[in-house]
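There are 2 protein chains.
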Amino acid sequence: MADRPLRADARRNRDRVLAAAQEAFAEHGVGVPLDEIARRAGVGAGTVYRHFPTKEALFEAVVVHQVDELIEEAAGLARSEDPGAAFFDFLGRLAETATTKRDLTDVLAGSGVDLGAAVAERSEAMMKALGRLLRRGQRAGAVRTDIGMPDLTALLKGAIYAVQVGGDNRTRERVFRTITDGLRAG
Amino acid sequence: MADRPLRADARRNRDRVLAAAQEAFAEHGVGVPLDEIARRAGVGAGTVYRHFPTKEALFEAVVVHQVDELIEEAAGLARSEDPGAAFFDFLGRLAETATTKRDLTDVLAGSGVDLGAAVAERSEAMMKALGRLLRRGQRAGAVRTDIGMPDLTALLKGAIYAVQVGGDNRTRERVFRTITDGLRAG
DNA sequence: TGACAAGCGGGGCGAGCGTTCCGTATCTTC
DNA sequence: GAAGATACGGAACGCTCGCCCCGCTTGTCA
Chain U
1 MADRPLRADA RRNRDRVLAA AQEAFAEHGV GVPLDEIARR AGVGAGTVYR HFPTKEALFE
61 AVVVHQVDEL IEEAAGLARS EDPGAAFFDF LGRLAETATT KRDLTDVLAG SGVDLGAAVA
121 ERSEAMMKAL GRLLRRGQRA GAVRTDIGMP DLTALLKGAI YAVQVGGDNR TRERVFRTIT
181 DGLRAG
Chain C
1001 MADRPLRADA RRNRDRVLAA AQEAFAEHGV GVPLDEIARR AGVGAGTVYR HFPTKEALFE
1061 AVVVHQVDEL IEEAAGLARS EDPGAAFFDF LGRLAETATT KRDLTDVLAG SGVDLGAAVA
1121 ERSEAMMKAL GRLLRRGQRA GAVRTDIGMP DLTALLKGAI YAVQVGGDNR TRERVFRTIT
1181 DGLRAG
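Top to bottom, those sequences are chains U and C. The first sequence begins at 1 in our numbering and counts up by one. The second sequence begins at 1001 in our numbering and counts up by one.
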């Protein structure tokens, strides 16, 4: 508990593991063998386990960082002058992020992995921020009013999934536009 | 090659395995342990393997049957009077099917499983049928014209995914409506 | 620079799962 | 109903992957 400072090499290895994990998870999702992460980091599997008690904990560490960034962005947009644009801009950012980060889909899907309290907390914060953007967009008359957060959540998971499987950028863009068009009022 | 008729018990077991597999794959996706399928069928694992050379082959057998049904439906709708309704009706049927059949998502996702020629063939037929519905709907002015088959495919995968994660029926319905609204012309 | 704590690597264990093997049971045919 | 072919069950194998262990190395601090 006393959190004595890490030895220099330990600190360096910890950072390397995190970086490697971020890369590997983004590329292959939660499924990457832990050995592969260790290999990329240039350390042994034992070293990974000294820094992160389980593979799940490592995944969680990576995810928390990424979600925090998104939450921050959402908070910024919530102060924007144009609530409609803010809402759709944020969806765009989500889609963009998901395109290169397979792990995010895994999180959204809740696929198999039971993540800890830290992620649950972020998840809640994310929902709150998104809910704020949605309500403001609706009040401004830019977003259809017959949907709520559960609908938007499911829709987003689908959109992220679609954008991830959609081959080239052109396709991705058209898919994204189609879905957002469906979300607009009128 | 001579395809001698199966012994009575063998035939019965084969049918039981197929039925159990259909059920299990629908519930849990490709991921179900083969032992679980054998258990449901009331046979040993060895028996499953005598009838289907690999787990993949069994999966393929189940999927081919389901996709064939969808293709037939699409063919029927292609002759409908109202091309717009035909298109959206078919999307509805797809979504409905996907709701209860986890394996279909796995197929669409191409997730990990490399399926054989039989599925590839069906997949192509399915795309053709869907393409016909799309083009007719577009020509009738019911479907937006700035999207093509690759876009629709990706979108459908997303929609199916969204519909599958969307909790209750109400949510599913709203999600589906939002996406189809995005697909409409205008 | 020496001594001790801190950290490292990677071999190894165990669990889950696809697949195979083979001794036994069941059906078929005469 | 007996003999031979056919099919069955489930134990066992091998592979992958998460996780642990322990003999060795490296950093730290006097």
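Ideal Cβ positions, reconstructed from N, Cα and C, are used throughout, including at glycine. A quick note: this is a predicted structure, and the numbers were derived from the prediction, not measured.
- Evaluate U:Ala168 with the Cβ neighbour count: other Cβ atoms within 10 Å of its Cβ, from every protein chain shown; 16 or more gives buried, anything less gives exposed. Reading the sequence as shown, one finds Asp at residue 168 of chain U and not Ala. The residue in question, U:Asp168, is exposed, as its Cβ has fewer than 16 Cβ neighbours within 10 Å.
- Query: Who pairs with C:Arg1184 in a beta bridge, going by DSSP?
  - Reply: For C:Arg1184, the pairing in a beta bridge is given by DSSP as C:Val1143.
- Query: Can you find a C-beta in chain U that's less than 8 Å from the C-beta of C:Asp1181?
  - Reply: Any Cβ of chain U closer than 8 Å to the Cβ of C:Asp1181 would place that residue at the interface, and such an atom is present.
- Item | Of the listed residues C:Thr1153, C:Leu1134 and C:Ile1071, nearest to C:Glu1144 (C-alpha basis) | Note on residue identity: the sequence assigns Arg, not Glu, to residue 1144 of chain C. The residue with the shortest Cα to Cα distance from C:Arg1144 is C:Leu1134.
- Query: What are the start and end residues of the alpha helix (DSSP H) that includes U:Arg11?
  - Reply: If you look at U:Arg11, you'll find it in the alpha helix (DSSP H) that goes Ala8 to His28.
- Please compile the residues from chain C whose C-beta is within a distance smaller than 9 Å of the C-beta of U:Asp146. Simply Arg1174, Arg1177 and Thr1178.
- Query: Nearest chain C C-beta to U:Ala95 closer than 8 Å, yes or no?
  - Reply: Put simply, the CB of U:Ala95 is far from chain C, with every gap to its CB atoms at 8 Å or more.
- Below 8 Å between beta carbons: does that hold for C:Val1017 and C:Val1063? Cβ atoms of C:Val1017 and C:Val1063: not closer than 8 Å.
- Message: On the criterion of 16 or more Cβ atoms from any shown chain inside 10 Å, does C:Glu1096 qualify as buried, or is it exposed?
- Response: Around the beta-carbon of C:Glu1096, fewer than 16 other beta-carbon atoms lie within 10 Å, marking it exposed.
- Query: With 8 Å set as the bound, which would you pick, yes or no: does the beta-carbon of U:Tyr161 sit closer than that to a beta-carbon of chain C?
  - Reply: Cβ-Cβ to chain C under 8 Å: yes for U:Tyr161.
- Query: So which residues on chain C does U:Thr171 lean against when the C-beta distance must stay under 8 Å?
  - Reply: Taking a Cβ-Cβ threshold of 8 Å, the residues of chain C close to U:Thr171 are Pro1150, Asp1151 and Ala1154, in chain order.
- Message: Going by DSSP in three states, U:Asp68 sits in which element: helix, strand or coil?
- Response: In this structure, U:Asp68 counts as helix in the three-state DSSP scheme.
- Query: Run through DSSP, which three-state label would C:Lys1157 get?
  - Reply: Here C:Lys1157 carries a helix assignment [DSSP, helix/strand/coil].
- Pull out every residue of the region 41-65 of chain U whose Cβ sits closer than 8 Å to any Cβ of chain C, in chain order. Within the region 41-65 of chain U, no residue has a Cβ that lies closer than 8 Å to any Cβ of chain C.
- Item | Cα-Cα separation between U:Gly116 and C:Gly1141, rounded to whole angstroms | The straight-line gap from Cα to Cα measures roughly 50 Å.
- Task: Tell whether a beta-carbon distance below 8 Å holds between C:Ala1162 and U:Gly166.
- Result: In this structure, C:Ala1162 keeps its C-beta atom at 8 Å or more from the C-beta atom of U:Gly166.
- Item | For U:Arg79, the three-state DSSP class (helix, strand or coil) | Coil.
- Between the region 28-39 of chain U and the region 64-74 of chain U, do at least 3 Cβ pairs fall closer than 8 Å? The region 28-39 of chain U, when compared against the region 64-74 of chain U, does not touch it at the 8 Å Cβ threshold.
- Message: Three or more C-beta pairs under 8 Å: does that hold for the region 89-103 of chain U against the region 168-182 of chain U?
- Response: In short, these stretches touch, since the Cβ pair count reaches three.
- Task: Confirm, please, whether the CB-CB distance from U:Ala45 to U:Leu34 is below 8 Å.
- Result: Going by C-beta atoms, U:Leu34 is nearer than 8 Å to U:Ala45.
- Message: Only counting the same chain, and skipping five residues up and downstream in sequence, which positions put a Cβ closer than 7 Å to that of U:Thr180?
- Response: Excluding sequence neighbours, U:Thr180 sits near Phe88 and Leu91.
- Are the beta-carbon atoms of C:Ile1071 and C:Thr1105 separated by less than 8 Å? Going by C-beta atoms, C:Ile1071 is not nearer than 8 Å to C:Thr1105.
- Message: Using the three-state DSSP reduction, which class does U:Arg4 fall into: helix, strand or coil?
- Response: DSSP places U:Arg4 in coil when its eight states are reduced to three.
- Task: My understanding is that U:Ala78 touches U:Ala129, with C-beta atoms under 8 Å, so please give their C-beta distance in whole angstroms.
- Result: So it is a contact: roughly 7 Å between Cβ atoms.
- What is the DSSP secondary structure of U:Asp89, counted as helix, strand or coil? The DSSP-derived three-state label of U:Asp89 is helix.
- Query: Taking 8 Å as the CB-CB cut-off, is C:Lys1157 touching chain U?
  - Reply: Yes - at least one Cβ of chain U is within 8 Å of the one on C:Lys1157.
- Can you tell me whether DSSP reads U:Asp168 as helix, strand or coil? U:Asp168 falls in the coil class under three-state DSSP.
- Message: Below 7 Å on C-beta distance, what does U:Gly166 contact in chain C?
- Response: Residues of chain C passing the Cβ test: Ala1154.
- Which first and last residues belong to the alpha helix (DSSP H) in which U:Gly46 is found? It spans Ala45 to His51 - the alpha helix (DSSP H) in which U:Gly46 sits, taken as one unbroken run.
- Task: Measure the C-alpha to C-alpha separation of U:Leu108 and C:Asp1015 and round it to an integer number of angstroms.
- Result: So the alpha carbons of these two residues sit roughly 37 Å apart.
- Determine the direct distance from the alpha carbon of U:Met127 to that of U:Pro5, and round the result to whole angstroms. In a straight line, the C-alpha of U:Pro5 is about 35 Å away from that of U:Met127.
- 8 Å contact criterion, which C:Glu1027 and C:Arg1102 should meet: CB distance rounded: Contact holds; Cβ gap of about 6 Å.
- Through-space distance from U:Val32 to C:Glu1060, alpha-carbon basis: Approximately 26 Å, taken between the alpha carbons.
- Task: Report yes if the CB atom of C:Gly1182 is closer than 8 Å to the CB atom of U:Gly182, and no otherwise.
- Result: Between C:Gly1182 and U:Gly182, the C-beta gap is smaller than 8 Å, which places the two residues in contact.
- Item | Pair within 8 Å by beta-carbon distance, U:Thr171 and C:Pro1150 | Yes, Cβ-Cβ distance for U:Thr171 and C:Pro1150 is below 8 Å.
- Task: Determine the burial state of U:Ala185: buried for a count of at least 16 other Cβ atoms within 10 Å of its Cβ, exposed for fewer.
- Result: Exposed.
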